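Residue numbers (my numbering): -9 to 396.
Think of the CB as a built atom: it goes at the ideal place given N, C-alpha and C, for glycine as much as any other residue.
All values derive from a computational prediction rather than experimental measurement.
Remarks on the structure that follows.
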């Protein structure tokens, strides 16, 4: 008999939704769906995609998308949800707005009314985890799985440190309340899947049952076949540039490190879609901001090194995994290497201060650092990140948990 799964997600499992978390979700969803041992159904928010596109891409998936309805009742719900967007004490901690939650729950009720009762409900992202009490009322006999892309209270605590005064006080209250809700929800799950291995320990220390915690390898593009030929000029930074953790980090590098490299013929190459005007204003002959590119491979092949001086963010950084797999010299900080147990000086270079970044870049430029040895070490290190093994452990764990309740 097949194991029945209801997958509840913030975003649909589509290739065209390019951010790292969506691709991790898509990888595991598609492989579960393709496995005859499982019967998979989906409830998702549309994530800004049109119904025509979604119905086309999901034509082979049993799905219910929680579109925004144009009825008066739904418009009223949207207005009444405004406090849930700013009040730090709300039921969902501001991670999912009330009107969105109601739309998702209505779709889940639809499956219940049609006689479907899942063995497992998989909650993708912390925003969906916040619905666990509501979904338990619909499916009281189901087991729950949490796919924790990031542990939200860690990221919020880090964000709080960038504020002062009343704004810092607000984020302090917001973070404490969210942490209580997140831990309480995770304690109700039979399986908790942090994508950052470091977060396994954090969750256990905060009261999540150790037997329910299992690391899930995040999806990344394996770039081990990249043929490196450094131009000894370009310093690469890449990511979704509309996100503050990326464009603010690029600006930090421009302001603090590039002035220290004025005597060198180098170019800071910022790669990624939708760069804001706040970043684009810095573009000049030494700073190139590309916007969206069809393929990142040529940039990984020719750039001298990759920098990731991240000033915000929590969880494992897929861009760092991809860079390590390619063999490009990686220079990053505590936030960038979080959850990745690589050794500085062996597989990558750890920097914090602007002067340390400048020194590392100069040593790569002059050959003082053996970049070929570092590339060999990095690629060998990345062999432990096996998506196939992680998928097998995930599927086997659900079978094991399911057999206990037969």
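- In the DSSP assignment, the residues bridged to residue 136 are 113, 182.
- When the beta-carbon positions are compared, residue 300 and residue 335 stay at least 7 Å from each other.
- By the Cβ test, the segment 115 to 135 is in contact with the segment 92 to 105, since at least three Cβ pairs between them sit closer than 8 Å.
- Only buried fits residue 164, as 16 or more other CB atoms lie within 10 angstroms of its CB.
- Classified as exposed, residue 263 has fewer than 16 neighbouring CB atoms from the shown chains inside 10 Å of its CB.
- Exclusion of the five residues before and after residue 74 leaves 80, 82, 84, 87, 88 as the residues of its chain whose Cβ lies within less than 7 Å of its Cβ.
- When C-beta atoms of the segment 134 to 149 are compared with those of the segment 177 to 196, three or more pairs fall below 8 Å, so the two segments count as touching.
- Boundaries around residue 34 are those of the beta strand (DSSP E), 28 to 34, since no alpha helix (DSSP H) includes it.
- Rounded to whole angstroms, the gap between the alpha carbons of residue 279 and residue 259 is 6 Å.
- Counting along the chain, the unbroken beta strand (DSSP E) around residue -6 starts and ends at -7 to -1.
- Of all alpha-carbon atoms in 195, 58, 311, the one lying nearest the alpha-carbon of residue 10 is that of 311.
- In the DSSP assignment, residue 267 falls within the alpha helix (DSSP H) that extends over 267 to 270.
- If you check the CB distance, residue 78 and residue -6 do not come in under 7 Å.
- Ranked by how close their Cα comes to the Cα of residue 360, the residues 390, 331, 317 have 317 in first place.
- Between residue 34 and residue 7, the CB-CB gap reaches or exceeds 7 Å.
- For residue 216, the closest alpha carbon among the candidates 208, 341, 237, 291 is that of 291.
- Note that the C-beta distance between residue 354 and residue 329 is not below 7 Å.
- Contact annotation: residue 289 and residue 261 have beta-carbon atoms nearer than 7 Å.
- The C-beta separation of residue 365 from residue 338 comes to about 11 Å, leaving the pair out of contact by the 8 Å criterion.
- Look at the beta carbons and you see the segment 172 to 179 not touching the segment 248 to 255: under three pairs across the two are nearer than 8 Å.
- Non-local beta-carbon contacts of residue 14 in its own chain, meaning distances under 6 Å to residues more than five positions away in sequence, involve 208, 209 in chain order.
- For residue 338, DSSP records a beta bridge to 334.
- Using a Cβ distance threshold of 7 Å, residue 295 and residue 225 count as a contacting pair.
- Here residue 229 is buried: its Cβ has 16 or more other Cβ atoms, across all protein chains shown, within 10 Å.
- Bounds of any beta strand (DSSP E) do not take in residue 51, whose DSSP letter is neither H nor E.
- In the three-state reduction of the DSSP assignment, residue 392 falls in the helix class.
- Assigned with DSSP and collapsed to three states, residue 276 falls in coil, not helix or strand.
- Residue 227 has its alpha-carbon roughly 26 Å from the corresponding atom of residue 206.
- Looking at the DSSP output, residue 322 sits in a beta bridge with 298, 340.
- The shortest C-alpha to C-alpha distance from residue 214 to any of -8, 313, 268, 4 is the one to 313.
- If you look at residue 260, you'll find it in the beta strand (DSSP E) that goes 257 to 261.
- The Cβ-Cβ distance between residue 110 and residue 383 does not fall below 7 Å.
- Distance between residue 192 and residue 169, taken at the CA atoms: about 12 Å.
- Each residue's CA atom was taken as its position, placing residue 93 and residue 36 some 11 Å apart.
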